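Colleague: Sharing a structure here in structure tokens format.
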Amino acid sequence: MVEKVLHAGNVSACVGAVVTAAETSVFGGATLMIGAALSGLALFRGLKPAEQSVAQDMARALDQYLARAHLTPDRKRIMVQMLSNYPPTHTDLARGNMLAETIADHMRGHITTHATDPAHCGQTALDDYAAMLRALLAPVLTPSDATQAMLTELLARTDKSGQSDRLRDEGITENAIIRLAQRIARETDDLGQAWLDLQNAMDIAVRVQQEGRIPSNHGDFVDEVLARATRLSATGDYTAASSAIAEALAEEEAQHLARTARLLHSGIEIAMLEGNSARAATLLIQKADLEAGGRAGFDDLRALQDSHHVEGRDKGTALPLRIAIDLAHALHTRASTADERGTALNDLGVSLLTVGERESGTERLQEAVIANRAALEEFPRDRVPLAWAGTQTNLGNALRTLGERESGIERLGEAVIAYCNALEEWTRDHVPLQWAMTHMNLGAALQTLGERESGTARLEEAVNVYRRALEDYTRDRVPLQWAATQMNLGTALQALGERESGTERLEEAVIAYRDALEEFPRDRVPLDWAMTQMNLGTALATLGERESGTERLDEAVIAYRDALEEWTRDRVPLQWAITKANLAELERAFFDKTGDAAHLDRAEDHARAALKVFDAAGASHHAAYADTILAKIAARRGG
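Under the numbering used here, the residues of the sequence shown are numbered 1 to 639, in order.
Written as structure tokens, this is what we have:
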């Protein structure tokens, strides 16, 4: 069963307690965190037990938000003052349907109408207040219907895969399993991503139980703390388990290095079980400091940040990337020079972009743009031209990805400018591979612009830019980059071919895709191989519709089916559904050529299977594509 969530009145009472604690911490000039101030308030002690837990969650969220926000002390004081003057009441919470985003927007309008202090009416102050309110409320409010559906599916998969039995054999309760699934269901709207993250979390949960049963050889105190943390983790009370480790660390600070190191290790693991990336990052830095015998160096901490970024990027798991983001924030705080600050901000932008590419919203992408632009202030062109150029490239990548999500072309135009800026310093003579990489990225931005415009000039320009990249992205020198550029070239040629009446561009696209497959072997890069097979299938299908026979359509079927061998429904459900929708269109094309109704039956099966996944994921654009295919099928049956 899913835990019962407090009603608006309870949450409103918790807001009042947290606001008072925030005023104590921020206006009192104390170094205590809001959560620490909260524990000493009579108001906190007056809350009900369930409300105390909610207030602690809210205090922790607000602590983390204020610590990570790159804001001046004055801006932070104004934010807390606004929250004190205009806290959301139980009526405001109910009116916002207990959704953090809706409540924040409502309260923003309320302040605009009723505020009398000019400091509270400005755009910056309103933006700061709304962002802080979202951070305060999001951890405790009722999950959406989509989150509930995600939770139900995750728990079903846990039972079906045998993972539930494995965890119960380790002494982990059903409540603990549910709490892990609840946390992960709230963090992503991608079922494939959520299942990967839940499996990873369950592996950590098993490790905590197994390691907690091993005597530490560091005395009864450590063994008792670890045993307690293990018991709490087994019941799903990860916050209490994390607190137990934190209290033990404070008491053991002056004790033996090995004892502290083991507590830190367990604390990191439990913080990851809790999904508390900020806590995990803090403990990782403490562990690095401990190993350095004082204060870890900037380069050592950067290597730690990079290792988590690479793990999350390559394994497809979300938590390591969130930890990398928090480590980058901490790295920026610790930086002592402009070069170090610029490097930390660049790393932050790259990790934010990686997470943003996987999420459906744009918040992380917007944060990446902000981080890159802040890095440019630390990396002036006249002092560090190559670092400036690299940051321009990172900025271009964030703007391009953001522009691909938005309907207009403004962000894409800014991305083109950023790439062109980078090429002024990343010249072919000085840094040929960076020059080629930037050309490939520039080509992608131009291609997206071209796809949104009616003419073909931008697409032609993209093709030319990709071909320039291939001058230094050669197959013998950098085979994977060569293959990626060939695939991008294929997509640009395909887009041109779809707008032209002939088949020359489509034939060139097929050649480019097949070239890419020679260096994208299935056993080495299975997902890239599958993506290229899917693109190849689409080009072949378009050719097949323009030719009299069905030979090209038969080849397209093979390419799509190859793609589905790696793009499975469990692993990458959206990509699987897109390929199924393309197969439906292909079967419809077969019917148009042969008149065989069996093709329509197969087309309908493919389209309905795709639509089911699109609807579950809330992918309305893709769902509309599947509905269009089904309408075509119905029209042909009627004929």
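All C-beta atoms in this analysis are idealised placements derived from N, C-alpha and C, irrespective of residue type, glycine included.
Here the structure is a predicted model, which means the values were calculated and not measured.
For the putative contact between ALA603 and ILE633, defined by C-beta atoms under 8 Å, what is the C-beta separation to the nearest angstrom?
Modeller: Looking up residue 603 in the sequence shown gives position 603. Looking up residue 633 in the sequence shown gives position 633. At roughly 5 Å, the Cβ-Cβ gap stays under 8 Å, so ALA603 and ILE633 are in contact.
Colleague: Whole angstroms is fine: what's the gap from VAL2's alpha carbon to TYR560's?
Modeller: Your numbering for residue 2 matches position 2 in the sequence shown. Your numbering for residue 560 matches position 560 in the sequence shown. Confidence at VAL2 is low in this model, with a pLDDT of 28, below 50, so its placement is unreliable and the value that follows should be read with caution. Those two C-alpha atoms are separated by around 40 Å.
Colleague: Taking the CB atoms as reference points, tell me whether ALA457 and ALA492 lie closer together than 9 Å.
Modeller: The residue given as residue 457 occupies position 457 in the sequence shown. The residue given as residue 492 occupies position 492 in the sequence shown. No, Cβ-Cβ distance for ALA457 and ALA492 is not below 9 Å.
Colleague: Once the 5 residues before and after HIS332 are set aside, which same chain residues still bring their CB inside 7 Å of it?
Modeller: By one-based count along the sequence shown, residue 332 stands at place 332. Closer than 7 Å at the Cβ level, and outside the excluded window around HIS332, lie ARG341, ALA344, LEU345, LEU348.
Colleague: For LEU376, I'd like the list of residues in its chain whose CB is within less than 6 Å of its CB, leaving aside the five on either flank, ordered along the chain.
Modeller: If you number the sequence shown from 1, residue 376 lands on position 376. Within the same chain, LEU376 has close Cβ partners THR391.
Colleague: Do the region 166-179 and the region 277-292 touch if we need at least three Cβ pairs shorter than 8 Å?
Modeller: The region 166-179 is not in contact with the region 277-292.
Colleague: Return the Cβ separation of THR532 and MET487 in integer angstroms, given the expectation that the two are a contact with Cβ distance under 8 Å.
Modeller: Residue 532 sits at position 532 when you count from the first residue of the sequence shown. Residue 487 sits at position 487 when you count from the first residue of the sequence shown. So it is a contact: roughly 5 Å between Cβ atoms.
Colleague: According to the neighbour-count rule (16 or more other Cβ atoms, all chains shown, within 10 Å of its Cβ), is GLN481 buried or exposed?
Modeller: Reading the sequence shown from its first residue, position 481 is the one you call residue 481. Its Cβ being crowded by 16 or more others within 10 Å, GLN481 is buried.
Colleague: For ASP601 and ILE204, I'd like the C-alpha separation in whole angstroms.
Modeller: Residue mapping note: residue 601 aligns to position 601 of the sequence shown, counting from 1. Residue mapping note: residue 204 aligns to position 204 of the sequence shown, counting from 1. Near 46 Å, if we compare the C-alpha coordinates of ILE204 and ASP601.
Colleague: Have a look at ALA398 and GLU414 and give me their C-alpha separation to the nearest angstrom.
Modeller: Numbered from 1 along the sequence shown, position 398 holds the residue referred to as residue 398. Numbered from 1 along the sequence shown, position 414 holds the residue referred to as residue 414. For ALA398 and GLU414, the distance between alpha carbons rounds to 10 Å.
Colleague: Report the start-end ranges of each alpha helix (DSSP H) in the region 530-610 that is 4 residues or longer and not cut off at the edges.
Modeller: Here the runs fully enclosed are 551-566, 573-594.
Colleague: With a threshold of 16 other CB atoms inside 10 Å of the CB of GLY267, please say whether the residue is buried or exposed.
Modeller: Here residue 267 refers to the residue found at position 267 when the sequence shown is read from its first residue. Its Cβ being crowded by 16 or more others within 10 Å, GLY267 is buried.
Colleague: Work out the CA separation of THR20 and ALA30 for me, nearest whole Å.
Modeller: On the sequence shown, residue 30 is found 30 positions in, with the first residue counted as 1. On the sequence shown, residue 20 is found 20 positions in, with the first residue counted as 1. Per-residue confidence for ALA30 stands at a pLDDT of 41, beneath the threshold of 50, marking its modelled position as unreliable; no derived number is given.
Colleague: Expressed to the nearest angstrom, what Euclidean distance is found between the alpha-carbon atoms of VAL11 and ASP128?
Modeller: Looking up residue 11 in the sequence shown gives position 11. Looking up residue 128 in the sequence shown gives position 128. C-alpha separation (whole angstroms): 21 Å.
Colleague: Who are the Cβ neighbours of THR485 in its own chain at under 7 Å, not counting the five residues just before and after it?
Modeller: As a position in the sequence shown, residue 485 is number 485, starting the count at 1. So the qualifying residues of the chain are MET440, TYR466, ALA469, LEU470, TYR473.
Colleague: Among residues of its own chain, excluding the 5 on either side of ARG552, which ones have a beta-carbon nearer than 8 Å to its beta-carbon?
Modeller: Here residue 552 corresponds to residue number 552 of the sequence shown, with the count starting at 1. These residues qualify, in order along the chain: LEU540, ALA541, LEU543, GLY544.
Colleague: Would you mind sorting ILE325 into buried or exposed? The rule is 16 or more other CB atoms within 10 Å of its CB.
Modeller: As a working mapping, residue 325 is identified with position 325 in the sequence shown. The residue in question, ILE325, is buried, as its Cβ has 16 or more Cβ neighbours within 10 Å.
Colleague: Less than 9 Å separating the beta-carbons of LEU586 and ALA607?
Modeller: Taking the sequence shown and counting its residues from 1, one reaches residue 586 at position 586. Taking the sequence shown and counting its residues from 1, one reaches residue 607 at position 607. Cβ distance not < 9 Å, so LEU586 and ALA607 don't count as in contact.
Colleague: I need the DSSP call for THR427, collapsed to helix, strand or coil.
Modeller: Within the sequence shown, residue 427 is the residue found at index 427, counting from 1. Three-state result, THR427: coil.
Colleague: Below 8 Å CB to CB, which residues in the same chain sit around ALA623 once its five sequence neighbours on both sides are set aside?
Modeller: On the sequence shown, residue 623 is found 623 positions in, with the first residue counted as 1. The residues are LEU611, PHE614, ASP615.
Colleague: Under DSSP, the alpha helix (DSSP H) around HIS120 begins and ends at which residues?
Modeller: Within the sequence shown, the letter at position 120 stands for residue 120. That residue, HIS120, is in no alpha helix (DSSP H); it is neither H nor E in DSSP.
Colleague: Kindly indicate which residue of ASP554, ALA241, LEU412 has the alpha-carbon position closest to the one of GLN447.
Modeller: For this step, residue 447 is matched to residue 447 along the sequence shown. The shortest Cα separation from GLN447 among ASP554, ALA241, LEU412 belongs to LEU412.
Colleague: Buried or exposed: PRO118, going by 16 or more other Cβ atoms within 10 Å of its Cβ?
Modeller: By 1-based counting over the sequence shown, the position of residue 118 is 118. Looking at its Cβ environment, which holds fewer than 16 other Cβ atoms inside 10 Å, PRO118 is exposed.
Colleague: Rounded to whole angstroms, what's the CA-CA distance from GLU359 to LEU327? Just pull it up for me.
Modeller: Counting from 1 along the sequence shown, the entry for residue 359 is found at position 359. Counting from 1 along the sequence shown, the entry for residue 327 is found at position 327. Computed Cα separation, rounded: 20 Å.
Colleague: Where does GLU269 land, buried or exposed, given buried means 16+ other C-beta within 10 angstroms?
Modeller: Stepping through the sequence shown from its first residue, residue 269 is reached at position 269. GLU269 comes out buried.
Colleague: Would you call THR260 buried or exposed, if buried means 16 or more other Cβ atoms sit within 10 Å of its Cβ?
Modeller: Residue 260 sits at position 260 when you count from the first residue of the sequence shown. Buried: at least 16 other Cβ atoms inside 10 Å.
Colleague: Straight-line CA distance for ALA483 to ALA59?
Modeller: Residue mapping note: residue 483 aligns to position 483 of the sequence shown, counting from 1. Residue mapping note: residue 59 aligns to position 59 of the sequence shown, counting from 1. If I take the Cα positions, the gap works out to 49 Å.
Colleague: Check whether the Cβ atoms of GLU251 and PHE221 sit closer than 9 Å, and answer yes or no.
Modeller: Here residue 251 is taken as the residue at index 251 of the sequence shown, counted from 1. Here residue 221 is taken as the residue at index 221 of the sequence shown, counted from 1. In contact: GLU251 and PHE221 (Cβ atoms closer than 9 Å).
Colleague: Since MET150 and LEU180 should fall inside the 8 Å C-beta cutoff, what is the C-beta to C-beta distance between them, to a whole number of angstroms?
Modeller: Walking along the sequence shown from the start, residue 150 turns up at place 150. Walking along the sequence shown from the start, residue 180 turns up at place 180. Actually they are not in contact, since the Cβ atoms of MET150 and LEU180 sit about 13 Å apart, beyond 8 Å.
Colleague: Quick one: using the 10 Å Cβ neighbour count with 16 as the cut-off for buried, is HIS120 buried or exposed?
Modeller: The residue labelled residue 120 in the question sits at position 120 within the sequence shown. Flag for HIS120 reads buried.
Colleague: Excluding the 5 residues flanking LEU196 on each side, which residues of the same chain have their C-beta closer than 6 Å to its C-beta?
Modeller: By 1-based counting over the sequence shown, the position of residue 196 is 196. Cβ neighbours of LEU196 beyond the five flanking positions: GLY316, THR317.
Colleague: Using a Cβ-Cβ cut-off of 8 Å (strictly less than) and excluding sequence neighbours within five positions of LEU353, which residues of its own chain qualify?
Modeller: For the purposes of this step, residue 353 is taken as the residue at position 353 of the sequence shown. Closer than 8 Å at Cβ, skipping near neighbours: ARG364, LEU365, ALA368, ASN394, ASN397, ALA398, THR401.
Colleague: Suppose contacts are defined by Cβ-Cβ distances below 9 Å. Is GLY490 in contact with ALA530 by that definition?
Modeller: Working through the sequence shown from its first residue, we reach residue 490 at position 490. Working through the sequence shown from its first residue, we reach residue 530 at position 530. Their beta carbons are not under 9 Å apart, which means GLY490 does not touch ALA530 by this criterion.
Colleague: Ignore the nearest five residues each way along the sequence and tell me which others in ARG322's own chain have a CB closer than 6 Å to its CB.
Modeller: As a first step, residue 322 must be located in the sequence shown, where it is residue number 322. SER277, listed in sequence order.
Colleague: Consult DSSP for TYR419 and reduce its assignment to one of helix, strand or coil.
Modeller: By one-based count along the sequence shown, residue 419 stands at place 419. TYR419 falls in the helix class under three-state DSSP.
Colleague: Which runs of the alpha helix (DSSP H) at least 4 residues long sit entirely within the region 237-319? Give them in chain order.
Modeller: Correct list: 238-252, 257-274, 277-292, 298-315.
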